[in-house]
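Numbering (the numbering used here), first residue to last: 4 to 574. The beta-carbon is built from N, C-alpha and C at its ideal position, and this holds for glycine as well. Quick caveat, the model's predicted, so the values are computed rather than measured. Report on the structure given below.
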Ligand code: ARG
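And the structure:
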């Protein structure tokens, strides 16, 4: 099924042919929904956009264009407004038909250039450390971007670029050998590794020998020492094991876990290439890239005097690897705002290399916790599992109050879906670049722009459909949409805006455009439901309204799915 804007534009393109045959260089017809129904259902500013090209005042151009209007199945009538807008009124029968077929026919996004792979690099925690809230945000936003791109027909590759090759490993190996508490390591391995790491920092402060030992162990690891390699592998395994618990709970999946270590063998060649092309130059024994003044970028170190590589080096190697091993459509990286300079620098270097690949650094602001939440813990280092447990516990309280008669199992499932959903929604519904404050009462509220409100609206619709069970069964065959109240049409029009919202979210990498859309959809549904009784109506209207309700629920479910959120039929 074509997007509604495209269908309308199709009629307009024929009108342009009729009225302006032979005029060259015309700008494309752009169709936008109106903000207010007194301007019709859609609008175009074609006349203003093309007044220079066609010549004459926009109102006259609009009038000429409208002369080319012809009888068709989509547009009922046109109206010229203001300085030359054309207001577009759709045929109700057409709109009704679209509501009917919207779940049986997929939207046609074939106008997008979906060749190749969209590689999305997100989550990417550092081994032997707990994920912090920034990693959680990266995970949730990256996963949503992946789902959005998949929905539009792109092939995505979700890559977890784990930090598994840093200098921490020498220190960890020493700490592990000297101070590990085996029982604690069994229980909570990452915390125990963090503890021996901190212990190392304290002990090595006035003990140069310890530092030397750590450097030696790191060197041995990088040179392939068997025992160190085994330990390193173990640290990765226990860490991933713990991260995977979170991923599973959040319904997150990766295609590859190519961490920094994966690029170890590629980095020397990258340095050679940088030197050969005179992009990197020697400075005090190290290899450094200097950027043109106007870029305002600081010089970027790519190899230390002792031969060691850096974070930037591994990211340059990563681009090379992806370029050579995938048919790259684009690369998307999701991290917090503090890494903006790093990405600007290494993006610039890959461009100096002449590697022509689209890259996007999708950064987000820092999330903070309102006072009193996890106050026992310092800063943003909280246990993500505890966060999800707390969300679930609070969701359960609400469910118990709202729906005490449900079985314990059912309540448990609902609490998990609502709890994790609320955490995701809280993250995705904000403009990703602003700082967010995390407040339990706000994110778990059943009112306002929240996950629970949308999930609850979905469950309410399911309850209506259950009550109209007999009639709901045959909706696809029997129902035609009747527009009686204003609210019905407003809701139907909004449902047709779904693909446009998804498209916009994809080009701006802003899942909050989908949450805004869904919130509006839920509000419009609730307005409709208040104005339009359903179950006590005669057949024709009953069918029509059940159909509208059913399609709203399906759109909600699909949209929440793009945010990585689930729905339940009761709550
Ligand atoms: N491991 C890094 C961190 O925790 C994030 C890596 C992001 N991805 C990348 N290709 N640099 O800060």
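When you compare only the Cα positions, how much space is there between residue i and residue j?
{"i": "residue 133", "j": "residue 386", "result": "7 Å"}
{"i": "residue 394", "j": "residue 373", "result": "15 Å"}
{"i": "residue 264", "j": "residue 504", "result": "39 Å"}
{"i": "residue 420", "j": "residue 430", "result": "16 Å"}
{"i": "residue 523", "j": "residue 498", "result": "10 Å"}
{"i": "residue 450", "j": "residue 492", "result": "24 Å"}
{"i": "residue 180", "j": "residue 200", "result": "11 Å"}
{"i": "residue 555", "j": "residue 158", "result": "28 Å"}
{"i": "residue 70", "j": "residue 22", "result": "7 Å"}
{"i": "residue 559", "j": "residue 329", "result": "34 Å"}
{"i": "residue 166", "j": "residue 261", "result": "9 Å"}
{"i": "residue 526", "j": "residue 48", "result": "29 Å"}
{"i": "residue 16", "j": "residue 318", "result": "46 Å"}
{"i": "residue 213", "j": "residue 129", "result": "23 Å"}
{"i": "residue 342", "j": "residue 271", "result": "24 Å"}
{"i": "residue 1", "j": "residue 459", "result": "Past the boundaries of the shown model lies residue 1; the chain is included only from 4 to 574, so the question cannot be answered."}
{"i": "residue 379", "j": "residue 135", "result": "The pLDDT assigned to residue 379 is 40, lower than 50, so where the model puts this residue is not dependable; a value taken from the coordinates is nonetheless given after this. Using only the alpha carbons, I get a separation of about 16 Å."}
{"i": "residue 284", "j": "residue 355", "result": "14 Å"}
{"i": "residue 408", "j": "residue 337", "result": "43 Å"}
{"i": "residue 171", "j": "residue 211", "result": "16 Å"}
{"i": "residue 309", "j": "residue 333", "result": "34 Å"}
{"i": "residue 206", "j": "residue 223", "result": "22 Å"}
{"i": "residue 11", "j": "residue 456", "result": "33 Å"}
{"i": "residue 507", "j": "residue 294", "result": "34 Å"}
{"i": "residue 392", "j": "residue 184", "result": "27 Å"}
{"i": "residue 151", "j": "residue 552", "result": "24 Å"}
{"i": "residue 381", "j": "residue 371", "result": "Unreliable placement is indicated for residue 381, whose pLDDT of 49 sits below 50; the coordinate value is still reported in the next sentence. One C-alpha to the other measures close to 11 Å."}
{"i": "residue 564", "j": "residue 160", "result": "18 Å"}
{"i": "residue 576", "j": "residue 500", "result": "No statement about residue 576 is possible, as the shown extent of the chain runs from 4 to 574 and does not include it."}
{"i": "residue 176", "j": "residue 191", "result": "17 Å"}
{"i": "residue 494", "j": "residue 550", "result": "12 Å"}
{"i": "residue 4", "j": "residue 291", "result": "53 Å"}
{"i": "residue 277", "j": "residue 353", "result": "10 Å"}
{"i": "residue 25", "j": "residue 32", "result": "16 Å"}
{"i": "residue 273", "j": "residue 154", "result": "36 Å"}
{"i": "residue 531", "j": "residue 489", "result": "8 Å"}
{"i": "residue 465", "j": "residue 477", "result": "15 Å"}
{"i": "residue 581", "j": "residue 340", "result": "No answer is possible for residue 581: it lies beyond the span of the chain, which begins at 4 and ends at 574."}
{"i": "residue 252", "j": "residue 105", "result": "31 Å"}
{"i": "residue 243", "j": "residue 502", "result": "36 Å"}
{"i": "residue 227", "j": "residue 411", "result": "53 Å"}
{"i": "residue 479", "j": "residue 107", "result": "9 Å"}
{"i": "residue 539", "j": "residue 462", "result": "20 Å"}
{"i": "residue 397", "j": "residue 413", "result": "15 Å"}
{"i": "residue 369", "j": "residue 345", "result": "17 Å"}
{"i": "residue 62", "j": "residue 84", "result": "8 Å"}
Name the one or two DSSP bridge partners that residue i has.
{"i": "residue 259", "result": "162"}
{"i": "residue 120", "result": "158, 331"}
{"i": "residue 304", "result": "291"}
{"i": "residue 34", "result": "47"}
{"i": "residue 453", "result": "Paired residue(s): none; residue 453 is not in a bridge."}
{"i": "residue 312", "result": "306"}
{"i": "residue 440", "result": "371"}
{"i": "residue 129", "result": "166"}
Within the present structure, is the beta-carbon of residue i separated from the nearest heavy atom of the ligand COA by less than 7 Å?
{"i": "residue 129", "result": "The model on display carries the ligand ARG but not the ligand COA."}
Quick one: is residue i near chain C, going by C-beta distance under 8 Å?
{"i": "residue 397", "result": "Of the protein chains in the structure, only one exists, and it is not chain C."}
With residue i and residue j assumed to form a contact (beta carbons below 8 Å), what rounded beta-carbon distance in angstroms separates them?
{"i": "residue 349", "j": "residue 315", "result": "5 Å"}
{"i": "residue 366", "j": "residue 436", "result": "7 Å"}
{"i": "residue 321", "j": "residue 266", "result": "6 Å"}
{"i": "residue 471", "j": "residue 545", "result": "7 Å"}
{"i": "residue 94", "j": "residue 77", "result": "6 Å"}
{"i": "residue 1", "j": "residue 304", "result": "Coverage of the chain is limited to positions 4 through 574, which leaves residue 1 absent and any answer about it impossible."}
- Where in the stretch 246–301 do unbroken runs of the beta strand (DSSP E), each at least 3 residues long, occur, reported from the N-terminal end onward? Entirely contained in the stretch 246–301, the beta strand (DSSP E) runs reaching 3 residues are, in chain order, 283–286, 289–292.
- Message: Ignoring anything shorter than 4 residues, give me the alpha helix (DSSP H) runs that lie fully in the stretch 43–126, in order along the chain.
- Response: DSSP assignment within the stretch 43–126 yields the following whole alpha helix (DSSP H) runs of 4 residues or more, N-terminal first: 49–52, 54–57, 61–70, 95–104.
- Three or more C-beta pairs below 8 Å linking the stretch 187–198 and the stretch 214–221: No contact exists between the stretch 187–198 and the stretch 214–221.
- Query: Does the stretch 88–102 come close enough to the stretch 39–51 to have 3 or more Cβ pairs within less than 8 Å?
  - Reply: With the cut-off at 8 Å, the stretch 88–102 and the stretch 39–51 touch.
- Fully enclosed by the stretch 323–371, which alpha helix (DSSP H) runs are 4 residues long or longer? Fully enclosed alpha helix (DSSP H) runs of 4 or longer: 343–355.
- Query: Should the stretch 136–153 be called in touch with the stretch 427–444, which here means at least 3 C-beta pairs below 8 Å?
  - Reply: With contact defined as three or more Cβ pairs closer than 8 Å, the stretch 136–153 and the stretch 427–444 are in contact.
- Query: When the Cβ atoms of the stretch 97–107 are set against those of the stretch 472–483, are three or more pairs found closer than 8 Å?
  - Reply: Verdict: yes, contact present.
- Task: Would you list, in sequence order, the uninterrupted alpha helix (DSSP H) runs of no fewer than 4 residues that lie entirely inside the stretch 468–541?
- Result: Runs of the alpha helix (DSSP H) inside the stretch 468–541: 472–476, 478–481, 489–498, 501–511, 515–534.
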